[in-house]
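Numbering (my numbering), first residue to last: 101 to 756. Every residue gets a Cβ at the ideal spot worked out from N, C-alpha and C, and that includes glycine. Just so we're clear, the structure is a prediction, and the values are computed from it rather than from any experiment. Data first, discussion second: the structure below is written as structure tokens.
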């Protein structure tokens, strides 16, 4: 009996690696510390009522952002482990098996569990405020979306210490991801972690499309919608069309593994290249899903800190819509070397070059907005300016990769790795950092320390170029990706060592950001105006942090930049526009069902990972039960009385 238990535990838990033992200890100590703090300070009730059961879009957004920063730390540690392994030839820091697991989890975490939730967090924070709405269209669905993302992320991350991490690459091509290539449970953790999280992402896309179409303030026609909101709309539409492809693809892969189907197994009549086509039909639109909102953020920031209207509003909207559409016609450039033939390669080469045109249009629009503007260089603007040369380099190398004959040389090399990170870090991470700094006062009512923010900015940017520019050259010199070791005779050591230094500099930049947040919490520079950046859109017209109901009176929009127009009117000596009398506000009640349903989804995923139907089936029954419970719950709203609104507004005026 004892031997059986011992054998089970040695199979169930990951053992034999000092790095994982260290992680086990860190996880245990962190968990104990959190439970201890919540118990000592009697915060369990506060945690449940204020956060775990909330449907307030602002708190949901904050939870997304906190989760994404945790995932940035986890994915960043993975990156530094890989760079440490590659710093010297023949390093023994990571075994080849462990290295495969690390680069697989790094890619998944950074794209799906860091960039996506950071994006969704900013959606939640800014969009309802920008369009003059009191909440999103479906608050309950919004909460459920977050908890499905969070549960999926936790399920995926559990593979690090239970069962073993996936090691077939971040897109898990067959046959490596089939049962013959990955017989352990790591690949099933991959499938169900992403599957559950992806359902939440699809819900978010639907929610924000409906919110933007149906809940804009009176007078906010399509020609008056803020540019960030436009970018969210284009991204959300792309989500709605792209994520079902991912869901079906992973479902087919799971059927191959669980039931012995042969969708992607060559010896059973399947086709592994069908998987590669399907995953990139989702994967390339996914790149634009995460970068389009960053374009919207840059548009807001450039206009605000140049003190000018955005140049070329209509062309910007057209460019983003064009990118959203064209992103579905470029997927095959990821495997020009497949042998599809000259005609197919030519079509996808041309479509890839064409998509660079609307992207370039936006760069010129931002530059023309800054031209002759009264620029100020706070941290949001610094990240925006840093993005432009970075993204131009990434775009130029992308055009090089779109040339099919040249791609035969670049494909699978570190040149591709450098390009990919140039675009995703320089475009996505820089954009979301800029947005985080920009809307931080609106979230929390205080600004982040500018001095520490600039230290973080410069260290991040120097580290970025030191890390990735050498990778272009080592790629051209023949180093392929996914290699964990190389010889001294290759001549790659100097470039790899330099790249590793850059990676650790970026890690230092992240630590400065953590220090910046901690310092700003302790020495709080409160935003007493609600408008710390002299903004132009509606979110800056209300107090910071925004009240529960956002707007005491729904604004009437008469201009593309309504708050700027109102400030100009007041500065010219005109009286404020009259407002209608206050009325009670209908607001959604908190609900525990999203949290409980997500927990049931966790049981489904965990049970199917280990093929334990005795866990999966009760979990699925719980999912159905929570759906039914919500369907028959008609008491979902309450009224915020006028007296409470008056007290809240008066308190906001006193603090300002």
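- About 44 Å separates the CB atoms of residue 239 and residue 362; that is not less than 8 Å, and the two are not in contact.
- Secondary structure note for residue 458: its alpha helix (DSSP H) is the uninterrupted segment 442-470.
- A distance of 8 Å or more separates the beta carbons of residue 685 and residue 734.
- Assignment of residue 338 by DSSP, reduced to helix, strand and coil, places it in the helix class.
- Nearest to residue 726 by C-alpha distance, out of 241, 123, 139, 107, is 241.
- Rounded to the nearest angstrom, the Cβ distance from residue 607 to residue 180 is 6 Å, consistent with a contact under 8 Å.
- Separation of the CB atoms of residue 645 and residue 542 is rounded to 7 Å, and the pair is thereby assigned contact status at 8 Å.
- Annotation for residue 103: the continuous alpha helix (DSSP H) segment containing it runs 102-112.
- Short of 7 Å from the beta carbon of residue 426, and not among the five residues preceding or following it, lie these beta carbons of its own chain, in chain order: 451, 454, 455.
- Boundaries of the alpha helix (DSSP H) around residue 400: 372-406.
- For residue 513, DSSP records a beta bridge to 580.
- Out of 151, 736, 462, the CA that lies nearest to the CA of residue 399 is found in 462.
- In this structure, DSSP gives residue 739 an extended state, which the three-state scheme calls strand.
- Judged by DSSP in its simplified three-state form, residue 688 adopts strand.
- Here the alpha carbon of residue 272 sits roughly 20 Å from the alpha carbon of residue 439.
- Three or more Cβ pairs drawn from the segment 204-216 and the segment 259-272 lie within less than 8 Å of each other, which places the two stretches in contact.
- Contact check for residue 493 and residue 466: beta-carbon distance about 16 Å, past the 8 Å limit, so the pair fails to qualify.
- Two segments are said to touch when three or more pairs of C-beta atoms, one from each, lie closer than 8 Å; by this definition the segment 177-196 does not touch the segment 242-258.
- Only residues of its own chain outside the window of five on either side were considered, and among them 189, 190 have a CB closer than 8 Å to the CB of residue 587, listed in chain order.
- Distance from the Cα of residue 502 is smallest, within the candidate group 435, 296, 128, for 435.
- If you compare the alpha carbons of 183, 192, 161, 213 with that of residue 173, the shortest gap goes to 213.
- Close CB contacts of residue 109 within its chain, under the 6 Å cut and outside five residues either way in sequence, are absent.
- Distance from the CA of residue 278 to the CA of residue 378, rounded to the nearest whole angstrom, comes to 16 Å.
- The closest CA to that of residue 112, considering only 201, 263, 289, 217, is found on 263.
- According to DSSP, residue 546 shares a beta bridge with 626.
- Between the C-alpha atoms of residue 193 and residue 593 there is a straight-line separation of about 16 Å.
- Per DSSP, reduced to three states, the secondary structure at residue 562 is helical.
- By the C-beta criterion, the segment 508-522 is judged to be in contact with the segment 568-581, since at least 3 inter-stretch pairs fall below 8 Å.
- The three-state reading of DSSP puts residue 654 in coil, since its state is none of H, G, I, E or B.
- When rounded, the separation of the alpha-carbon atoms in residue 162 and residue 550 is 21 Å.
- Taking a cut-off of 8 Å on C-beta distances, the segment 656-668 does not touch the segment 686-694, as fewer than three cross pairs fall below it.
- By the Cβ-count criterion, residue 166 is exposed, with fewer than 16 other Cβ atoms from all chains shown falling within 10 Å of its own Cβ.
- Under the three-state reduction of DSSP, residue 165 is assigned to helix.
- Separation of residue 655 and residue 229 (C-alpha to C-alpha, rounded to the nearest whole angstrom) is 11 Å.
- By the Cβ test, the segment 706-719 is in contact with the segment 284-297, since at least three Cβ pairs between them sit closer than 8 Å.
- The same chain holds no residue with a CB closer than 7 Å to that of residue 673 once the five nearest residues on each side in sequence are set aside.
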